[in-house]
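The numbering of the sequence shown is my numbering, which starts it at 7 and goes up by one.
Where a beta carbon is used, it is the ideal one built from N, C-alpha and C, also for glycine.
Bear in mind the structure is a predicted one, so any value in this text is a computation, not a measurement.
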Amino acid sequence: MAIERTLIIVKPDGVQRALVGQVIARFESRGLRIAGLKLMRISRELAEDHYAEHKGKPFYEGTVRYMTSAPVVVMVLEGPDAIAAARATMGATNPLNAQPGTLRADFGLNISRNIVHGSDKPETAEREINLYFKPDELLSYERAGDAWLTE
Ligand code: CMP
């Protein structure tokens, strides 16, 4: 079980619908630890960089426009198998296919407004974390009681 970091974004719809606290609570109560957290407005340049692999797809322009339309909350979560754990907590990209109990099923219906983004694999996580955070904005620390996570 590897200790990983993953980048999570509470998208503009999550912030506008006042779901930030509930989203963070789901990840935190699962056991993932917050290593970095901030509210920000994504620039067009940053969104284009983030979604570069989707350039040319029908949803690319709409996604970039939407992600830059209002503030988001970005965070780095850390813990054992954090990437897969966070993805399971988020559910399938299309909320219609997400299992009940996941964030996207419980809070969404529309693939373009799917509440959260999470890195999909270790290389992507490293790239995305570097896009949104400077090294000195991330903290490694122990929480009382974290030992059970890796026992
Ligand atoms: P995200 O995990 O942020 O990565 C790409 C985003 O594009 C995705 O979540 C969706 O919000 C958005 N998107 C919109 N339409 C589609 C689609 N048809 N397939 C995949 N992603 C889509």
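Does at least one heavy atom of the ligand CMP sit under 6 angstroms from the Cβ of residue i?
i	result
I117	yes
N103	no
T99	yes
T95	no
N120	yes
Please report how far the alpha carbon of residue i lies from the alpha carbon of residue j, in whole angstroms.
i	j	result
R32	T95	7 angstroms
V21	E51	21 angstroms
A53	M73	7 angstroms
I30	M81	9 angstroms
G107	N120	14 angstroms
Applying the 10 Å Cβ sphere with the 16-neighbour rule, what's the burial state of residue i?
i	result
R71	exposed
A46	It is worth fixing the name first, because residue 46 is Met in this sequence and not Ala. Exposed: under 16 other Cβ atoms inside 10 Å.
S125	buried
E134	buried
According to DSSP, simplified to helix, strand and coil, what is residue i?
i	result
M73	helix
I89	helix
T95	helix
I117	helix
R133	helix
E84	strand
I48	coil
L43	strand
L144	coil
L38	coil
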